[in-house]
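In our numbering, the protein residues as written are 35 to 190.
As structure tokens, the structure follows; a few thoughts come after it.
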């Protein structure tokens with residue numbers, strides 16, 4: 035089983051999602067199944083089969099999230115080595131191709147969110163930046179081709 039490193043906020047968001055699925059979605063699906071059951075013959079009841087399928091997907095998602103939560107570790111940002119890029123680092127880079135400064139936060143796959151500039155440590159750019167120091171250049175093989183980034187600043 036892999037260990038997932040997360041921020042405290044990411045860990046709490048995962049807990050909140052599991053609570054929601056257990057306390058809100060699970061009863062909703064159970065009610066839909068009960069309602070469909072009341073409509074008679076289950077062998078030809080499309081609503082019943084759809085609700086049972088939804089229940090299966092929901093239980094699989096809950097199980098997956100619980101497994102992720104159980105193998106997650108919260109990283110203490112105050113104890114991180116800011117001389118090189120690691121998980122939870124905020125990295126300011128210069129995209130050499132676009133000649134544009136960008137800032138990314140390197141996070142686990144579960145917390146990745148491009149809209150918030152949080153990139154996964156396993157993504158091409160995240161993996162290329164890991165271990166780099168200020169002044170070094172990282173090359174990332176992306177679907178758009180090779181991209182180069184100069185590391186300008188690292189913080190936690």
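Even glycine gets a Cβ: it sits at the ideal position worked out from N, Cα and C.
Quick caveat: nothing in here was measured; it's all calculated off a predicted structure.
Assigned exposure category for residue i - 16 Cβ within 10 Å defines buried
i: residue 139; result: buried
i: residue 125; result: buried
i: residue 65; result: exposed
i: residue 152; result: buried
i: residue 155; result: buried
i: residue 160; result: buried
i: residue 85; result: buried
i: residue 122; result: buried
i: residue 40; result: buried
Between the CA atoms of residue j and residue i - distance to the nearest angstrom
i: residue 63; j: residue 105; result: 28 Å
i: residue 36; j: residue 49; result: 18 Å
i: residue 179; j: residue 60; result: 44 Å
i: residue 170; j: residue 58; result: 49 Å
i: residue 113; j: residue 107; result: 14 Å
i: residue 120; j: residue 172; result: 14 Å
i: residue 158; j: residue 175; result: 6 Å
i: residue 109; j: residue 165; result: 17 Å
Bridge partners - residue i, DSSP secondary structure assignment
i: residue 176; result: 179
i: residue 185; result: 127
i: residue 171; result: 184
i: residue 39; result: 107
Pick out the complete beta strand (DSSP E) segments inside the segment 106-159, 3 residues or longer, and give them in chain order.
106-108, 124-129, 134-141 and 152-154
Using 8 Å as the threshold, is the segment 40-54 in touch with the segment 133-149, meaning 3 or more CB pairs across them?
yes
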